[in-house]
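**Student:**
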Amino acid sequence: MATTKFHRARGLALASVVAVGAIALTACSGSSGGAAPTAGGDASGTLNILVSSATGSDAGFQAVTKAFEKKYPKVNVNLTAVPNENYNQARSSRLTAGSADIVVAFPREVPSYVPASNEGDDARLADQGGYLDLTGQPFLKTINPTVLAATKYKGKNYTVPTGLSYYTGMFYNKKIFKDNNLQVPTTWSDLLKVCAALKAKGVVPLGIAGKDSAGVMTLGVTTGLYPTADAMNTLAKDLYAGKAQLNTGKQLEVLQKVQTLYGYAEPNFAGVSYATMTSDFVNGKFAMMPDGTWNTTTLQQSGAGKLDFGYVPLPSSDTASDNANLGGKVELSLAVPANAKNPKAAIQWLDFFTKNYHLFNDKAGFAPAVQGASSDPFYASIQPYTKTFLPAWDTIWITNAKAGPAASVPWNWAGISPMGSSDAKGAADAAQKDWQAGLGK
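With the sequence shown counted from 1, adding 219 to any position gets you my numbering.
(1) Rounding to the nearest angstrom, what Cα-Cα distance links Ser412 and Leu444 in this structure?
(2) In three-state terms, what does DSSP make of Leu458?
(3) Is it buried or exposed, Ala646, if we count other Cβ atoms within 10 angstroms and call 16 or more buried?
(4) Check Tyr481 in the structure and name its three-state DSSP category.
(5) Could you tell me if the beta carbon of Lys290 falls within a distance shorter than 7 Å of some heavy atom in the ligand MG?
(6) Assuming contact is defined by CB atoms lying nearer than 8 Å, are Ser535 and Trp407 in contact in what I supplied?
(7) If you draw a straight line from the C-alpha of Val301 to the C-alpha of Gln308, how long is it?
(8) Thinking just about the alpha-carbon of each residue, which of Ala416, Tyr598, Glu304 and Phe390 is nearest to the one in Asn399?
(9) For my contact list, Met507 and Leu425 are in at a C-beta cut-off of 8 Å; report their separation, rounded to the angstrom.
(10) Assuming Tyr377 contacts Leu359 (C-beta within less than 8 Å), just tell me the rounded distance between them.
(11) Within 8 Å, do at least three Cβ pairs link the stretch 389-399 to the stretch 563-579?
(12) Name, in chain order, the residues that DSSP records as bridge partners for Met451.
(13) Starting from Asn267 and walking both ways along the beta strand (DSSP E), at which residues does that stretch end?
(14) Report yes or no: do three or more beta-carbon pairs, one from the stretch 633-645 and one from the stretch 466-481, lie closer than 8 Å?
(15) Going by beta carbon distance, what residues of the same chain come within less than 6 Å of Asp499, once the five residues before and after it are set aside?
(16) Less than 8 Å between the CB atoms is what I'm expecting for Thr370 and Ser552, so what's the real figure, rounded?
(17) What did DSSP end up calling Tyr493 once you bin it into helix, strand or coil?
(18) Could you give the DSSP three-state label for Asn392: helix, strand or coil?
(19) If we count the other Cβ atoms within 10 Å of its Cβ and call it buried at 16 or more, is Thr311 buried or exposed?
(20) Does chain C have any CB closer than 8 Å to the CB of Gly348?
(21) Bridge partners for Met507 per DSSP, in chain order?
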């Protein structure tokens, strides 16, 4: 049975509350962890860095650290990469012991209309002075200002974003488009015409991994219908207030358009895995694939010499300007704990990281967070859609744990046949019923 998870991108649950209480005892008092030292001058001593592990980012952090140690020979860097499933426990232990100088963190403000229990431990830790305030650090000027604004917590920057992923768009096979004299669609009507033309010629228009990625396509549809962060925030607020329903208006339209796209997907896609979908796209079995930029490196490596692809927003609106931006999220963000034993070296490392960003991102393969960073030509090709950072819906939406499962994300894309047993209206009605049941509890 399909589940209502959105996508396969890496993500970390927040650290244990134990760490919050422990580190708060040693952090600076008040609502801030205090200002960090300014980068500059020499650095020495041991620098302990703790990150969550992934092949690309591990290699990137190692490349930066090797170059950093060459420039600052008095610093001995202990870089530890912990598997995601063990990271929370490792970070909690290190924070409690005061044996980490740089960690992965992402404090997030929650709006007033959701229960305070939704506030994460990183936010509580920031509130209790557990992270150094990096606001105003000169090296932050290298970061895309719209990304920097998106990572602020209560008006302050506690973290340095290392990269971005976009996932409200779709990959397309340039050869298939050229062979069939098709232009990249920029509106919903254009997309339907492209799908119909391909289907008429015996070409499968869309690839969807029902086991993994159908929710990603739903996020793409959402972005075109709610094309700004303000529009998405207003929808979330209105849903919590009971002013908007999931089975009327644009909310219903989201699932209706998802249902339409299901009709253009490869046969039996509900049982297709992410790996199979990727392989099928590389081998030209369909023309378009709603997916995230995290799959770019795999496509480049697997499709070398036989696949020429591009990436564009999934156009779910008939107003082209509503489809002009890709939505995404900030990947790993780095913070300096208030009880770090070597904050000077930590700040020097972060400064070096931003100034030598290519060393990291040539290996990590993220969409760059640093302005003007040289990167993979693929990311240069999507710059027209990423000049202003647009958070994807799943980074704005906060699940109501008291609502039923059909409204968890809250789009019930998994209820639509062949993923489920309903049409779009039936799936939306089920979602609204589950959502309403959780309000006021």
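For each residue, glycine too, the CB sits at the ideal point set by N, CA and C.
**Tutor:** On the basis of the supplied data:
(1) Within the sequence shown, residue 412 is the residue found at index 193, counting from 1. Within the sequence shown, residue 444 is the residue found at index 225, counting from 1. A small fix is needed here, since residue 412 is Lys in this sequence, not Ser. Rounded to whole angstroms, Lys412 to Leu444 spans 19 Å at the Cα level.
(2) If you number the sequence shown from 1, residue 458 lands on position 239. DSSP places Leu458 in helix when its eight states are reduced to three.
(3) Within the sequence shown, residue 646 is the residue found at index 427, counting from 1. Buried: at least 16 other Cβ atoms inside 10 Å.
(4) Locating residue 481 in the sequence shown gives position 262, counting from the first residue. Look at Tyr481 here: in three-state DSSP terms it is helix.
(5) Here there are no bound small molecules, and the ligand MG is not part of this structure.
(6) By 1-based counting over the sequence shown, the position of residue 535 is 316. By 1-based counting over the sequence shown, the position of residue 407 is 188. Closer than 8 Å, so yes.
(7) Here the question's residue 301 lines up with position 82 in the sequence shown. Here the question's residue 308 lines up with position 89 in the sequence shown. Straight-line Cα distance between these residues: approximately 10 Å.
(8) For the purposes of this step, residue 399 is identified with residue 180 of the sequence shown, where counting begins at 1. Cα-wise, what sits closest to Asn399 is Ala416.
(9) Taking the first residue of the sequence shown as 1, we reach residue 507 at position 288. Taking the first residue of the sequence shown as 1, we reach residue 425 at position 206. Their Cβ separation, rounded to whole angstroms, is 5 Å, which keeps Met507 and Leu425 in contact under 8 Å.
(10) Taking the sequence shown and counting its residues from 1, the one referred to as residue 377 is at position 158. Taking the sequence shown and counting its residues from 1, the one referred to as residue 359 is at position 140. That belief does not hold up - the Cβ atoms of Tyr377 and Leu359 are roughly 11 Å apart, past 8 Å.
(11) Counting Cβ pairs under 8 Å, fewer than three are found: no touch.
(12) Here residue 451 refers to the residue found at position 232 when the sequence shown is read from its first residue. According to DSSP, which records beta bridges pairwise, Met451 is partnered with nothing at all.
(13) For the purposes of this step, residue 267 is identified with residue 48 of the sequence shown, where counting begins at 1. Run containing Asn267: Gly264 to Ser271, per the beta strand (DSSP E) assignment.
(14) Contact holds: three or more Cβ-Cβ distances are below 8 Å.
(15) Taking the sequence shown and counting its residues from 1, one reaches residue 499 at position 280. So the list reads Gly426, once near-sequence residues are dropped.
(16) Locating residue 370 in the sequence shown gives position 151, counting from the first residue. Locating residue 552 in the sequence shown gives position 333, counting from the first residue. That pair is a contact at about 6 Å.
(17) If you number the sequence shown from 1, residue 493 lands on position 274. DSSP places Tyr493 in helix when its eight states are reduced to three.
(18) In the sequence shown, residue 392 corresponds to position 173, counting from 1. In the structure shown, Asn392 sits in a strand (DSSP, three-state: E or B).
(19) Start at 1 with the first residue of the sequence shown, and residue 311 comes out as number 92. At residue 311 the sequence reads Ser, which differs from the Thr that was named. Buried, since its Cβ has 16 or more Cβ neighbours within 10 Å.
(20) Absent from the structure is chain C; it holds one protein chain and no more.
(21) Position 288 of the sequence shown holds residue 507. Partner(s): Tyr391 and Leu425.
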